[in-house]
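A.B. asks: Chains as they are written, first to last, in numbering that gives the first Met the number 0: chain A, 0 to 183; chain B, 0 to 199. Virtual Cβ for every residue (Gly too), placed ideally from N, Cα, C. My questions will all concern the structure given below.
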Amino acid sequence: MTRTLVLDSYLLADADGVVARARTGDPAALEALYRAFEVPVYNLARRICRTTEDAEDVLQETFFEVCRSIGRYREEGSLWGWVRTIATSKALMRLRRNKYRETEELHDEVTGRRREDTHLRMDLEAALERLSETSRAVVWLHDVEGYTHDEIAAMMGKTPSFSKSQLARAHARLRGWLGEEVQT
Amino acid sequence: MTHLSMDALVSLREPGLEPGDVAAREHLEGCAECQAELERLHQRVARLKALPALRPARDRWPEVRARAIAERRARRMRWAGLAGLTAAASLALAVGLAPQGAHPSGLAGQEIQQAMVRSQALESALHRYDPESHVQDGRTARIAQELEDRIAQVDRELEMADLMEQQSRESEVLRLWRERVGLLDALVDVHVTRASNAGL
C-alpha cells in the first residue's frame with residue numbers, strides 16, 4: 000500500500016462513503032474532506048509559498064477546486080494523492096504568478112558571503128525558508144512528498160534535469176548553512 | 000583526491016542507474032568522507048520529513064463554502080435559463096407542428112413551461128436580493144443552506160431525467176420543476192420576507 004493510501008485511511012475514516020456523499024453535493028461531506036486534508040494541504044502550500052497569506056489562499060483555492068471537481072475524482076489513486084496534486088498545482092501556479100525574488104541569491108550577493116564560508120548553524124526550518132522558492136519547492140516535492148523528477152518537471156513546465164540540478168544545488172546550500180555533523 | 004559532488008550523491012539516492020553512477024559507487028566504497036556526506040544527506044532528508052506540520056492561522060472553510068454556493072447558484076441560473084429556452088422550443092414544436100391531440104404530453108409541457116417561468120422569476124428575485132451581501136442569523140443561514148442543498152439535488156435529478164424515456168420523463172420533469180419552484184419560493188421567503196420583517 001502506498002504512503003498516500005495509508006494517509007487516506009489515517010486522515011479520513013470511511014473515505015469511500017464521504018466521497019460518495021460529497022459527489023452529491025452534501026455539504027457535511029465536503030466539509031469532512033476539508034477537515035481531513037486541511038493541515039497537509041496547508042503544510043504543503045506553506046513549504047512552497049513564501050508567505051502565510053499565499054499559503055492560505057492556496058488552501059482555499061485547492062478546496063474550492065475539490066468541491067467543484069469531486070465528481071471527476073475516479074478513485075484510481077488515493078484521495079490524498081488527488082487532493083495533493085490539486086494543491087501542488089495551485090501552489091506552483093501562485094509561485095509563477097508572484098515571481099518571488101530569489102532571496103537566497105540576493106542575500107549572498109549583498110553580504111558578499113560565499114557559500115563555503117557560511118557557518119551559521121541555522122536550524123532546518125530557517126535554512127529551508129532561506130532557499131529560493133524554486134529550490135525549496137523541488138526539495139519539498141521530491142524529498143518529502145515523494146514526487147519523481149519527471150513528475151516535478153511536468154508540474155513545473157521544466158525538464159527532469161532542471162529538477163535534479165535544483166535538488167542538488169539546494170542540498171549543497173543546506174549542507175553549507177546547517178554545518179551538519181553525522182549522527183551515529 | 001576528488002570527492003563526489005552533491006549532484007552525484009543526490010543521484011545515488013534515485014532508483015535506477017544514471018550515467019556515472021557505477022563509477023560513483025566504486026568511489027564511495029573506498030571513501031569514508033563521501034560515505035559520511037551521503038549519510039548526512041540521508042539524515043537531512045529524514046529531518047525534513049520529520050518537520051512538524053504547519054497549520055493555518057484561521058479557518059478557511061466558510062470562504063470555500065460561500066464561494067462554492069455562489070458558483071452553484073450561478074450555474075443553476077445559467078442552467079435554468081438554458082432549460083427554459085429548450086423547453087419553450089420543444090413546446091413550440093409540439094404545439095405548432097404536431098396534429099391537434101396527437102401529443103398527450105401537451106398539457107404537461109405547458110405546465111412544465113409555467114413552472115420554469117416561475118422558477119426563473121424567483122431566481123431573478125433572489126439574484127436581485129443578493130443574499131451574500133446581507134447579514135443573516137444562524138438559524139436563517141442554516142435553513143437557507145438546507146434549501147439550497149435540496150434545490151441543487153433537484154437540479155441534479157433534472158439532469159438525470161433528461162436520460163429517461165419520453166413519457167416517464169415528462170411526468171418526472173414536471174414533478175421536479177414543481178418541487179424546484181416550491182423550494183425557491185421557500186428560499187425567497189427565508190431571505191427576503193424574514194429580512195424585511197426584521198427590518199434588515
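Taking the runs of the beta strand (DSSP E) that are 3 residues or longer, which of them lie wholly in the segment 29 to 62 of chain A?
C.D. replies: none
A.B. asks: Could you check the C-alpha separation between residue 175(A) and residue 8(B) for me, to the nearest Å?
C.D. replies: 15 Å
A.B. asks: Distance, Cα to Cα, residue 171(B) vs residue 178(B)?
C.D. replies: 11 Å
A.B. asks: Please check if any C-beta of chain B sits within less than 8 Å of the C-beta of residue 89(A).
C.D. replies: no
A.B. asks: For the segment 35 to 53 of chain B, list every residue whose C-beta sits within 7 Å of some C-beta in chain A, in sequence order.
C.D. replies: 35, 38, 39, 40, 42, 43, 44, 46, 47, 48, 50, 52, 53
A.B. asks: Can you pull out the residues from the segment 155 to 173 of chain A whose beta carbon lies closer than 8 Å to at least one beta carbon of chain B?
C.D. replies: Answer in chain order: 163, 164, 166, 167, 168, 170, 171, 173.
A.B. asks: For residue 158(A), which residues in the same chain have their Cβ closer than 7 Å to its Cβ, ignoring the five residues on either side in sequence?
C.D. replies: 152
A.B. asks: For residue 229(A), return the contacting residues in chain B, with the cut-off set at a CB-CB distance below 8 Å.
C.D. replies: No information on residue 229(A) is available, as it lies outside the stretch 0 to 183 that chain A covers here.
A.B. asks: Using only the alpha-carbon positions, how far apart do residue 149(B) and residue 145(A) sit?
C.D. replies: 41 Å
A.B. asks: Would you mind stating whether residue 91(A) and residue 54(A) have Cβ atoms separated by less than 8 Å?
C.D. replies: It is not a contact, given that the beta carbons lie outside the stated cut-off.
A.B. asks: Per DSSP, what kind of secondary structure is residue 25(A) in: helix, strand or coil?
C.D. replies: coil
A.B. asks: Have a look at residue 181(B) and residue 24(A) and give me their C-alpha separation to the nearest angstrom.
C.D. replies: 20 Å
A.B. asks: Check whether the segment 83 to 97 of chain A and the segment 54 to 73 of chain A touch, using three or more Cβ-Cβ pairs below 8 Å as the test.
C.D. replies: These segments touch.
A.B. asks: Span of the alpha helix (DSSP H) holding residue 89(A)?
C.D. replies: 78 to 97
A.B. asks: Ignore the nearest five residues each way along the sequence and tell me which others in residue 163(B)'s own chain have a CB closer than 8 Å to its CB.
C.D. replies: 171
A.B. asks: Compare the C-beta of residue 140(B) with all C-beta atoms of chain A and state if any pair is closer than 8 Å.
C.D. replies: no
A.B. asks: If the cut is a Cβ gap below 9 Å, which residues of chain A does residue 144(B) touch?
C.D. replies: 26
A.B. asks: To be precise: take each residue of the segment 48 to 64 of chain A, compare its Cβ to all Cβ atoms of chain B, and keep it if any distance is under 7 Å. Which residues remain?
C.D. replies: 51, 55, 58, 59, 62, 63
A.B. asks: Can you tell which of 50(B), 58(B), 6(B) has the C-alpha that lies nearest to the C-alpha of residue 36(B)?
C.D. replies: Measuring from the Cα of residue 36(B), the nearest candidate turns out to be 6(B).
A.B. asks: Residues of chain A with a CB under 7 Å from the CB of residue 62(B): which are they?
C.D. replies: 59
A.B. asks: Could you give the distance in angstroms between the alpha-carbon of residue 55(B) and the alpha-carbon of residue 175(B)?
C.D. replies: 42 Å
A.B. asks: Kindly say whether residue 24(B), judged by its beta-carbon, lies nearer than 8 Å to any beta-carbon of chain A.
C.D. replies: Using a CB distance cut-off of 8 Å, residue 24(B) does not count as an interface residue toward chain A.
A.B. asks: Determine the burial state of residue 192(B): buried for a count of at least 16 other Cβ atoms within 10 Å of its Cβ, exposed for fewer.
C.D. replies: With a 10 Å radius around the Cβ and a threshold of 16 neighbouring Cβ atoms, residue 192(B) comes out exposed.
A.B. asks: Can you tell me which of 131(A), 94(A), 170(A) puts its alpha carbon nearest to the alpha carbon of residue 186(A)?
C.D. replies: Absent from the model: residue 186(A). The displayed extent of chain A is 0 to 183, so no value can be given.
A.B. asks: Show which residues of chain D have a CB atom less than 8 Å away from the CB atom of residue 42(A).
C.D. replies: Any reference to chain D falls outside this structure, whose protein chains are A and B.
A.B. asks: DSSP state of residue 164(A), grouped into three classes?
C.D. replies: helix
A.B. asks: If you reduce the DSSP assignment to three classes, tell me which class residue 155(A) lands in.
C.D. replies: helix
A.B. asks: Considering only residues of the segment 11 to 77 of chain B, which uninterrupted alpha helix (DSSP H) runs meet the minimum length of 4 residues and lie entirely inside it, listed in chain order?
C.D. replies: 20 to 29, 31 to 48
A.B. asks: Can you check which of these residues, 172(A), 76(A), 177(A), 133(A), is closest to residue 156(A) by C-alpha distance?
C.D. replies: 133(A)
A.B. asks: Taking the CB atoms as reference points, tell me whether residue 143(A) and residue 166(A) lie closer together than 8 Å.
C.D. replies: no
A.B. asks: Just mark residue 162(A) as buried or exposed, buried being the case when its beta carbon has 16 or more other beta carbons within 10 Å.
C.D. replies: buried
A.B. asks: Between which two residues does the alpha helix (DSSP H) harbouring residue 142(B) extend?
C.D. replies: 137 to 160
A.B. asks: Between the alpha carbons of residue 31(B) and residue 22(B), how many angstroms are there, rounded?
C.D. replies: 16 Å
A.B. asks: Using a Cβ-Cβ cutoff of less than 7 Å, which residues in the same chain neighbour residue 17(A) once the five nearest sequence positions on both sides are dropped?
C.D. replies: Answer for residue 17(A): 11, 28, 31, 32, listed in chain order.
A.B. asks: With 7 Å as the C-beta to C-beta threshold (strictly closer), list the residues of the segment 160 to 182 of chain B near chain A in chain order.
C.D. replies: none
A.B. asks: Listing by chain order, which chain A residues have their CB less than 8 Å from the CB of residue 185(B)?
C.D. replies: Within 8 Å Cβ-Cβ: nothing; residue 185(B) doesn't reach chain A, min ~18 Å.
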